[in-house]
Structures are given as structure tokens and as C-alpha cells.
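Here the protein sequences line up with chains A and B, keeping their order. Per this note's numbering, the first sequence starts with residue 1, numbered consecutively. Per this note's numbering, the second sequence starts with residue 1001, numbered consecutively. In this text, a Cβ means the ideal position worked out from N, Cα and C, and glycines have one as well. So the structure is just underneath, and the comments pick up after that.
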Amino acid sequence: MAVKEMSGFAEIPALFRRMTGDEKHEWAAASTLDVLWVLYNRVLDVSPDRVDDPDRDRFLLSKGHGPMAYYAVLAAKGFLDPSTLDNWTAWDSPLGQHPDRVLVNGVEISSGSLGHGLPIAVGTALGLRLQNRAARTFVLVGDAELDEGSNHEAIALAGRFGLDRLVTVVVDNASGTHGWPGGVARRFEVEGWQSSTVDGRDHDALHAAFTQDHPGRPLVVVAEVDEGERR
Amino acid sequence: MTSMRQVFVDTVEDVMRHDPRVAVVLAEISRDVFTPHERVINVGIREQAMVGVGAGLALSGLRPVVHTYAPFLVERPFEQIKLDFGHQDLGGVLVSIGGSYDDPVWGRTHQAPGDVALFDTLPGWTVRVPGHPDEVGPIVRDALRREDRVYIRLSLRENAAPHPVVEGFTEVRRGRSGVVVAVGPMLDTVLAATRDADVTVLYATTVRPFDAAGLRAAVDRAERADVLLVEPYLEGTSAHLAAEALADVPHRLRSLGVRRDAELRAYGTAEDHDSAHDLDVLGVAAAVRRMFGHPVAAA
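In C-alpha cells:
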């Protein structure tokens, strides 16, 4: 595979700069950057040459808008040729403002419409468990995305099914209009999830939260990002 | 006689015994018809999650069967069908019961005459409408063997006798005045309504893909390119495909089905609703006479 291996977080700004054009969700892309980096750099058992391996970990980006950080991390980790970033969103580019799994190596789900990733992740985790596979399923949602009721169907189910290989990451930049009084994590805890709320910019804290034991139940990691700190 | 649903459940359970890929997702409906099994997953009354979970099972390598009552399978979680199966390009088998108005005492909430029309807005779906319980087994086995997206529409309405399950349309009767296409459970009504008409009757259990070549061949054999579609769901659902099949032939096309222009705020029996939609023998026979002429007048 003729993809240049880049592996340092320091490379990310340069990869970001390769993506040009109308980017109205730029700040949203940046809000997920540290979470994505920690997952792909230190947590997920994935690699570009194993995208069809049934035992790979799954990462589902449910909050598909603002995908620049995702594309930058995929490029840094060798899933994408960095030159692909130069003409993203063009007619013949595989990279749109919302990722498409059919077009991009290593992208597990196509997203864009909110509230789809978490139910799909529950099904993926259930399916892997039924097949006695140890692979973990991670799904990233936004705090405002939780407005969609479909998430709450899935949150209850995952808790009841005790999906202990499922991790939901909520990137919380307090962007929901009506908010979550008492915090996002409570919505998961009451359904039987283990929870951690951490600084979404602190790589070591994120790593510790993602890799904690959560026997018999799913895990939610709420990654708090300052509302004013959007870039 | 065993119902279509029971044959569906029996067939799925039989296949599950030797195919570990098959998993079922339910939302309460039919939960007591299936035997408990780790691969029969009841998500409760959560239809969006039902379809999303089905797609996730497919992502993990399984062959999901997603089943509930028609409006709650197709209409409520329609975006999940469009995106979680279609846009993700995943395979799955969606199986509904209830049809257009199998149980009209429950009212409009439990009627889904628009289901096949909705699938027509999405690429890549095979749609099968059995007309007899004996046709359900082969249709379900075929769907479970495949990798693509299949919608199977089960109903309490059925014909007296089964026909062999094939991909295209089956010629049940041959005539000269034109062609009547009967979909699934409409066949017996159509056969009774065309008893005195000199028309070809085609029987369709597979409606998508639409057998354009079969329709065209039947029209070519008739003396007039007149086609009457009789479908158990929204009127005209297949009209665009019939018109396309006959695009280079001057033709007449008429469509019978569940009326689009009114919500019938009435309960009663399914037969009452057939009459209201002119989908009973009298209604279909009247349409046949208008289109193909009265046998006495023609003589």
C-alpha cells in the first residue's frame, strides 16, 4: 500500500491545512480531534491493512459533520493518502462533508444524519458478541446529537443487554440548545452504563478513561470540550 | 391453514439451525411466535433501534431479519432503512405483517398501503409479495441465502392455491384483449373478476425488480396493448415501471389499488375495505369491463 506513514500528533495541523474550501463546521471538527487521536494512536486495535479483519476494533463516527479531524487522523495513520485531502469535497473525491464508508478505506459507517451511529453500534457489539469475538466497538456522538430520541432507545438497550465491549464517547462542547441538566453522563448511568467524565483535551485522561475495566456493562466517556475553545 | 407469518417464523428457525449467520430483530410484535434463541433479539417498542441494530448485526457479518407490523417496520423508522441499510450498503431481510389493512378495526395507525411505494424511493431493494403461505417458505429461504436487501410483505389475505415461486411474472391465463397483472393476494380476485374477459392474467410475487420483459412479452402476444395493474397496496405503485416497460408501444395503462385520495375513517373487515377501494371482485370486474369491453358488447 503506497500510503506514507505519518504518526505524530504534530503532523495533524499540516494535514488540516491541506483541506480547503467552504468549511462551516471547522470548529466542530476540531472539538473531536484529541479524542480521535487518542483512540487511533493508543486505544483502537486497527490498521490500514486489516480493515476487513473481523476481529478488528470498530470505531463508528456518528457525529459525521465536521469530519476534517477524522480525515486528518485517518491520513496520519495511513488509512488515507494525505494527497487525498487536497481536493476534499470535490466531485471525484472520496471525502465529503460527511464520511461515506463505501468511499473511504477504514471508515466503518457513513454518517451525517444524527442519531444513527449509537443504535448501529449496539447492533455491531451484539453481533460481535454473538460470534464470540473480543473486538470492541467505539462510537462517537456529540452532546447535541443526543437530542435525537433514537440514541435513547439505544442507550437503554445497551444497558439492558450488558454490552461490555461497547464504548460511547460523547464529545461535549455544550452545543445542545436545551442542554442536559445534571450532565450527559447521568442519562447513561441510569440505564446501567459505567461512566467517566474527563477533559476532552487531556490525552492521558482520555486514554485512562477509554481503557478502564467495565465488566458486565457498557462504558460512556464524556469528553468535555470548552464551549469557547472550538478550534 | 398455517398463516404466512407462521411459515415465515418456522422457515427462519429451520434455517437458523444450520446457518449461524442468521439473526432476528423484533420490536415486541411476534415475540411469542419465535422460540427463544440467543439470535432472536427483541428490542422492545423501539423501532428506530430495531432497524439500527439490524444494520449493526449486518456490519458484524450476520444476516439480519428485521420484523414487525408494516407501519412500524417501514414508515416509522424509514430514515433508518434508507441510511442504516441503503446508504451503508448493507444487506438485510425486512419482513412485515399487516399489509395495507389486514386488521382494519385497529384503524389508520395499523395500515401501511404506502410501504412498497416507499421502498421505490430507495435503490437496491428486492420486494416480494407472496399470495399464499406455501409461497412464503421459498421466498424466505432465498432471502436468507442472499447478501442483498429484501423486503417481504406478508398478509392475512391469501389466494386459495399457491403458485411456484419464480423471479418474473407467471402467466396464469392467456387472452387476446390485453393484460392484467395481479400482485400477490389479489390473484383470486382478479381471476374471478376476469372470468368472462378474454385477457391474459400475469401473477407477480416478485414486484421489485419489476418483470418488464415479462409484461412486454405478454403485451406483444395480445391484440391490444392494454394493461391493468391490480396491486394490494397504494394504487399506481408499479405504474411508472409498467409505463417504462411499454415506453415504445402506444398503450393504455390503468392501476387499481388502495385509494390515494382519501383516508377511510372506517373500521369493519378487510373485505369492507376491499369494497371501499374497488378491490373486491365487483370493483375489479367493473374496471375490467371498462378497459377490455363487455363480452356481450364485444361479441
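The segment 182-202 of chain A makes contact with the segment 218-226 of chain A; the number of CB pairs closer than 8 angstroms reaches 3 or more.
If you check the CB distance, Val1022(B) and Arg1063(B) come in under 7 angstroms. For Leu1059(B), the chain A residues whose Cβ falls inside 8 angstroms of its Cβ are Arg58, Glu108, Ile109, Ile120, Gly123, Thr124 and Gly127, in order along the chain. Of all residues in the segment 1039-1055 of chain B, only Arg1039, Ile1041, Val1043, Gly1044, Arg1046, Gln1048, Ala1049, Val1051, Gly1052, Val1053, Gly1054 and Ala1055 come within less than 8 angstroms of chain A when Cβ atoms are compared, listed by chain position.
Taking a cut-off of 8 angstroms on C-beta distances, the segment 1244-1253 of chain B touches the segment 1219-1229 of chain B, as three or more cross pairs fall below it.
Residue range Thr137 to Gly142 is occupied by the beta strand (DSSP E) that includes Leu140(A). Distance from Pro48(A) to Gly106(A) at the Cβ level is roughly 6 angstroms; contact confirmed, criterion being Cβ atoms closer than 8 angstroms. Excluding five sequence positions before and after Gly1236(B), the CB atoms of its chain that fall closer than 8 angstroms to its own CB belong to Leu1229, Ser1255, Gly1257 and Arg1260, given in chain order. Among the residues of the segment 190-216 of chain A, none has a Cβ less than 9 angstroms away from any Cβ of chain B. Comparing alpha carbon positions, the residue from Val1053(B), Tyr1069(B) and Gly1091(B) closest to Pro1123(B) is Gly1091(B). Looking at Arg1076(B), Ile1041(B), Glu1167(B) and Thr1189(B), the one whose alpha-carbon comes closest to that of Ala1160(B) is Thr1189(B). The C-alpha of Glu1171(B) lies about 23 angstroms from the C-alpha of Met1004(B). Sequence-distant Cβ neighbours of Glu1135(B) in its own chain, meaning closer than 8 angstroms and more than five residues away, are Pro1162, His1163, Val1165 and Thr1205.
Within the segment 1096-1182 of chain B, the complete beta strand (DSSP E) segments of 3 residues or longer fall at 1125-1128, 1149-1153 and 1170-1173, listed in chain order. Closer than 8 angstroms at the C-beta level to chain A, one finds these residues of the segment 1084-1102 of chain B: Asp1084, His1087, Gln1088 and Asp1089. Within the same chain, Cβ atoms closer than 6 angstroms to the Cβ of Leu163(A) are found at Ala125 and Pro218, the five residues on either side in sequence being excluded. Taking CB atoms only, Ser175(A) has no neighbour in chain B less than 7 angstroms away.
Of the other Cβ atoms in all chains shown, fewer than 16 fall within 10 Å of the Cβ of Leu103(A); this residue is therefore exposed. Residues of chain A with a Cβ closer than 7 angstroms to the Cβ of Glu1079(B) are, in chain order, Ser113. In this chain, the beta strand (DSSP E) harbouring Ala1204(B) covers Thr1200 to Ala1204.
Secondary structure note for Pro1064(B): its beta strand (DSSP E) is the uninterrupted segment Arg1063 to Tyr1069.
With 16 or more other Cβ atoms from the protein chains shown falling within 10 Å of its own Cβ, Ala121(A) counts as buried. Take the alpha-carbon of Ser110(A) and the one of Ser93(A): they are about 15 angstroms apart. Taken in chain order, the whole beta strand (DSSP E) runs of length 3 or more contained in the segment 1217-1277 of chain B are 1226-1234 and 1252-1258. Within 8 angstroms of the CB of Leu157(A), the CB atoms of chain B belong to Val1043, Gly1044, Arg1046, Ala1049 and Val1053, in sequence order along the chain. Annotation: the continuous beta strand (DSSP E) that includes Ile1041(B) extends over Val1040 to Asn1042. Using beta-carbon distances, Ala154(A) counts as an interface residue toward chain B, with a partner under 7 angstroms. Between Phe1034(B) and Ser1177(B), the beta carbon gap of about 47 angstroms keeps them out of contact (Cβ cut-off 8 angstroms).
Distances from the alpha-carbon of Leu1241(B) to those of Pro1130(B), Ala1117(B), Arg1173(B) and His1277(B) put Ala1117(B) closest.
Within the segment 1265-1299 of chain B, not one residue has a Cβ closer than 9 angstroms to any Cβ of chain A. For the pair Gly1268(B) and Pro1104(B), the CB atoms are nearer than the 7 angstroms cut-off.
Taking a Cβ-Cβ cut-off of 9 angstroms, His65(A) has no neighbours in chain B, whose nearest Cβ is about 14 angstroms from it. Counting only Cβ-Cβ distances below 7 angstroms, Gln131(A) has contacts in chain B at Ser1060 and Gly1061, in chain order. The three-state secondary structure of Ser196(A), taken from DSSP, is strand. The residue among Val1219(B), Val1051(B) and Asp1142(B) with its C-alpha nearest the C-alpha of Val1180(B) is Val1219(B). Rounded to whole angstroms, the separation of the alpha carbons of Thr1011(B) and Gly117(A) is 31 angstroms.
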